[in-house]
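Student: Pasting a structure here, questions to come.
Numbering (the working numbering), first residue to last: -3 to 134.
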């Protein structure tokens, strides 16, 4: 099923499944994706990243990325979990899910398993969300 053919209800279910650490139904590679496969998709025209153990094709999101292409280009073909989780608020992926494609889970276990924000607390804003600012000292 193409992302364009997915209903809003299906997308929300997929987002919930990803946040719960479950593989999205219909993901391209049910068996998983290797780090080597992810590393091959490191160009603006063919762009995958890893977020919290899930591989996402972000190619369609790049031209829309509020932080600019160069910001997201630094993490293409890599695990972007740490940077993503530091910057983005929960719900960022849900708001932009129509521009993403889940390619499956990473097979290798040495991938960063970021804490509880979940996969969909992880990819689509890459700079589009307000950065968290340290609170002013009292």
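Think of the CB as a built atom: it goes at the ideal place given N, C-alpha and C, for glycine as much as any other residue.
Remember, predicted model here, so these are calculated numbers, not experimental data.
State the DSSP-derived secondary structure class of residue 4, mapped to helix, strand or coil.
Tutor: The residue given as residue 4 occupies position 8 in the chain shown. Looking at residue 4 - three-state DSSP - the assignment turns out to be helix.
Student: By how many angstroms is the C-alpha of residue 72 removed from the C-alpha of residue 110?
Tutor: Counting from 1 along the chain shown, the entry for residue 110 is found at position 114. Counting from 1 along the chain shown, the entry for residue 72 is found at position 76. Low confidence applies to residue 110: its pLDDT is 44, below 50, so where it sits in the model is not reliable enough to give any reading.
Student: Using C-beta distances below 6 angstroms, list every residue in its chain close to residue 53, excluding the 5 sequence neighbours before and after it, in chain order.
Tutor: On the chain shown, position 57 is the one that residue 53 refers to. Cβ within range, chain order: 44, 97 and 99.
Student: Are the CB atoms of residue 46 and residue 58 within a distance shorter than 7 angstroms?
Tutor: The count along the chain shown starts at 1 and reaches residue 58 at position 62. The count along the chain shown starts at 1 and reaches residue 46 at position 50. The answer is no: Cβ separation not under 7 angstroms.
Student: Could you give the C-beta distance for residue 103 and residue 49, rounded to a whole number, given that I count them as a contact under 8 angstroms?
Tutor: The sequence position of residue 103 within the chain shown is 107, counting from 1. The sequence position of residue 49 within the chain shown is 53, counting from 1. With a Cβ gap of about 10 angstroms, residue 103 and residue 49 do not count as contacting.
Student: If you draw a straight line from the alpha carbon of residue 135 to that of residue 51, how long is it in whole angstroms?
Tutor: Outside the modelled stretch of the chain, which goes from -3 to 134, sits residue 135, for which no answer is possible.
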